[in-house]
Structure formats: C-alpha cells, structure tokens
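Below: the structure, in structure tokens.
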C-alpha cells in the first residue's frame, strides 16, 4: 500500500515534484508553440513559435519573435504563458535546490550517525583493506555474528562491498594513520586485520595498531614470505600468506578430501556452524565442566587448552579455570551462550 504524502520519504516527494514540474513545463511549451503558430500564421515556423515561448518563460526579453502588434489577444496569451511558465520554472528551481541541499544534509547526518555507531562498538574487529581478501574476511566476521569496521583508501572498493552487504560501518582513509584507527575505536577493538595488497602498508598498520592498543590481536596479510619476520617484529600476532595457504588448501583437497568437504560445508551451512574458541575470563571461579550445564544441542566441546596442554573431548569432571581456552563447534548463538556462561559481558 503506498504511503500517504506526509509519510513518504522527503527525497521521494521532492523527486515526484520535480517530475510533475518538468511535465507541466513541457505542456506549457507545447501550448505556447501551438498558440503562437495559430496567432502568427504559417509565416512563422514551429521553431520560431517554440523560441518565442521559451524566451517568454525564461524572461530573456529579446522582443517579439512573433509580431503581436495586431493581436491584442496574443499579448493576453503571452501574459498567461509567462505567468504559468515563470511559476513552474520557479518551482522547478526550488525543487532542484531542495534536492541538492537534502542530499548534503543526509550525507552529513549519515556520516555523523555512522561515527556514533562506531563509537558504541566494543570487542569489534577492524578490517584494513576491503578488496577481495578483505571482503571475504568481512563476510565471515558478519556471518559469525561479530561486528566490524572496514577501512580503505579506495572509496570504490568500499562501495562495491556495500552493494553486496549494505548497512556496515566504514571509514574512508588510511588504516596506517593513528587518527583513522582511533576513529575506528581501536581502544576497545578485539582485533585488527592488516590485509591490504601492500606488505609495507600491512607492516605499518600492524605497528600502529599495537602502539595504540597493545592488547588487540593483529593478523597481517603477507605476500612475500621474506617479509613475515619483519611483520612479526612490528607486532603482528599472526601472519597469513594467501599463496602459501592456498597451496596447502589445494594439497588438502587431494589427500584429505572428506575433511575439506566437511569444513566447506560448515562455511556454507545456513546455521553458520563454525569451530570457535572462547577464553575463560580472569576472575572465573574454578569449577567442574559439568557444573557449567552447557547444552550439547547448541555447541560441542571439542577440546580445552591450558598453556601448551590440550585435553580433547574433556570429561564432565574436568576442572575449568581462568585462562583456559574452549575449542567448540557452535553456531553464533551457541558461542554467545558459552561466553555468557563463562562470564563474558
């Protein structure tokens, strides 16, 4: 059901008014052209009559192209054309002006609203570089129910991503600059992805992110393996080479196809099932796993890690302490249930 005029978006009403005014102006031009042809006779071409109508509406004042000295009624007709045409032209000009002003206002308000949304984020992720790799990272972050801010110097790359996944917050800028990362609220971010197509840029992003928030985890993309050690020294907690990882993935598809198929199916599942990790927070009171009363319907506990020691398929009597890491298979809702049980806010 169409909205009443008062409930329609302002931009839609302005656009409708613009179309109506253009249509009415076209009708006035047609009436004026035909009218002057009838008044002046065949000695005046249709172009002369149209020109006469146009300069009358535009108030150019070149004089009477069609001689009206012997036609008092023609001058009355001219006054009617002038009044109607000038009124429509005035309305058309105001409509275009309103449309431009509204666009600027909406852009400013949208920017301000996005800044507020970013400032409210906590435990989010910052993705520096939203190209092909960054787009896939963003999709995975969103699919698992986590928040992120994307940063890129190329506005077209951001727009391409927003066409597929609208509504996500972004910053147009250089992720290696302090003020840009601060705008992304890095102080409360859980992690930073330095995944531009330039190893040098990723190195500087890693260094800057660690300086601004030493507690945040940084994952860097590295094309040249020889640069990996430099990135690690710059502060990157994990370094991923797409070429190297892609080679391992191809090999795995050959020698362990069922495992690869299983992992692929998880990524394609409508339930967004993933293998996740949840750290037991500081201040957690030691208690047996059974006392947590975690529903196996929502998640499966695959292993628990404490220091360098792994416990696979832990028993109900397994003591759970702060600093341990749960490795679980769960949906986003199941992961959040485990986090809530362990005391994460």
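Residue numbers (the working numbering): 32 to 376. Even glycine gets a Cβ: it sits at the ideal position worked out from N, Cα and C.
TODO: Kindly identify the DSSP beta-bridge partner or partners of residue 260.
DONE: As a working mapping, residue 260 is identified with position 229 in the chain shown. Bridge partners of residue 260: none, in fact.
TODO: Determine the DSSP secondary structure at residue 310, reduced to helix, strand or coil.
DONE: Here the question's residue 310 lines up with position 279 in the chain shown. Reduced to three states, the DSSP call for residue 310 is strand.
Open item on the list: Assuming residue 375 and residue 319 are in contact, meaning their beta carbons sit under 8 Å apart, how far apart are those beta carbons, in whole angstroms?
Closed with: Taking the chain shown and counting its residues from 1, the one referred to as residue 375 is at position 344. Taking the chain shown and counting its residues from 1, the one referred to as residue 319 is at position 288. With a Cβ gap of about 20 Å, residue 375 and residue 319 do not count as contacting.
- [ ] Determine which residues share a DSSP beta bridge with residue 21 and list them.
- [x] No answer is possible for residue 21: the residues shown for the chain start at 32 and end at 376.
TODO: Check whether the Cβ atoms of residue 157 and residue 215 lie closer than 8 Å to each other.
DONE: Residue mapping note: residue 157 aligns to position 126 of the chain shown, counting from 1. Residue mapping note: residue 215 aligns to position 184 of the chain shown, counting from 1. In contact: residue 157 and residue 215 (Cβ atoms closer than 8 Å).
Task: C-alpha gap between residue 206 and residue 85, whole angstroms - done: Counting from one through the chain shown, the residue named residue 206 turns up at place 175. Counting from one through the chain shown, the residue named residue 85 turns up at place 54. Rounded to whole angstroms, residue 206 to residue 85 spans 54 Å at the Cα level.
- [ ] Compute the distance between the beta-carbons of residue 131 and residue 56, then report whether it is under 8 Å.
- [x] What you label residue 131 is simply residue 100 of the chain shown in a count that begins at 1. What you label residue 56 is simply residue 25 of the chain shown in a count that begins at 1. For residue 131 and residue 56, no; Cβs fall outside 8 Å.
TODO: Quick one: grab the DSSP three-state call for residue 378.
DONE: Any property of residue 378 remains undetermined from this structure, which presents the chain solely from 32 to 376.
TODO: Pull up the distance between the alpha-carbon of residue 349 and that of residue 177, whole angstroms please.
DONE: Translated into the one-based positions of the chain shown, residue 349 becomes position 318. Translated into the one-based positions of the chain shown, residue 177 becomes position 146. Whole-angstrom Cα-Cα distance: 29 Å.
TODO: Excluding the 5 residues preceding and the 5 following residue 112 in the sequence, name in chain order all residues of the same chain whose CB lies nearer than 8 Å to its CB.
DONE: Taking the first residue of the chain shown as 1, we reach residue 112 at position 81. Counting only Cβ-Cβ distances below 8 Å, and skipping sequence neighbours, we find 59, 62, 63, 66, 84, 87, 88.
Open item on the list: Which same chain residues end up closer than 8 Å to residue 275 when comparing Cβ atoms and leaving out the 5 residues on each side of it in sequence?
Closed with: For the purposes of this step, residue 275 is taken as residue 244 along the chain shown, with counting starting at 1. These residues qualify, in order along the chain: 256.
Task: Sequence-distant residues of its chain with Cβ nearer than 7 Å to residue 77 (five each side left out) - done: For this step, residue 77 is matched to residue 46 along the chain shown. If we look at residue 77 and ignore the five residues flanking it on each side, its Cβ neighbours are 64, 68.
Open item on the list: Could you tell me the alpha carbon to alpha carbon distance between residue 239 and residue 245, rounded to whole angstroms?
Closed with: Here residue 239 is taken as the residue at index 208 of the chain shown, counted from 1. Here residue 245 is taken as the residue at index 214 of the chain shown, counted from 1. Roughly 10 Å between the two C-alpha positions.
TODO: Might you give, ordered along the chain, the residues of its own chain that have their beta carbon closer than 7 Å to the beta carbon of residue 102, omitting 5 neighbours on each side?
DONE: Here the question's residue 102 lines up with position 71 in the chain shown. So the qualifying residues of the chain are 70.
Open item on the list: Taking the alpha carbon of residue 173 as the reference point, which residue from 188, 187, 193 has its own alpha carbon closest?
Closed with: What you label residue 173 is simply residue 142 of the chain shown in a count that begins at 1. Comparing Cα positions, the closest option is 193.
Task: Reference residue 217, options 91, 155, 114, 371, closest by Cα - done: Residue numbering aside, residue 217 sits at position 186 when the chain shown is read from its first letter. Nearest of 91, 155, 114, 371 to residue 217, Cα basis: 155.
- [ ] Could you say which of 50, 213, 323, 119 lies nearest to residue 152 if we only look at CA atoms?
- [x] Against the chain shown, residue 152 aligns to sequence position 121. Cα-wise, what sits closest to residue 152 is 213.
Task: Cα-Cα separation between residue 363 and residue 208, rounded to whole angstroms - done: In the chain shown, counting from the first residue as 1, residue 363 sits at position 332. In the chain shown, counting from the first residue as 1, residue 208 sits at position 177. One C-alpha to the other measures close to 32 Å.
Task: Candidates 353, 368, 242, 228, of which the one nearest residue 184 by Cα - done: Numbered from its first residue, the chain shown carries residue 184 at position 153. Taking each of 353, 368, 242, 228 in turn and checking the Cα distance to residue 184, the smallest one comes out for 228.
TODO: Could you tell me the boundaries of the beta strand (DSSP E) in which residue 365 lies?
DONE: In the chain shown, the residue the question calls residue 365 occupies position 334. That residue, residue 365, is in no beta strand (DSSP E); its alpha helix (DSSP H) goes 363 to 373.
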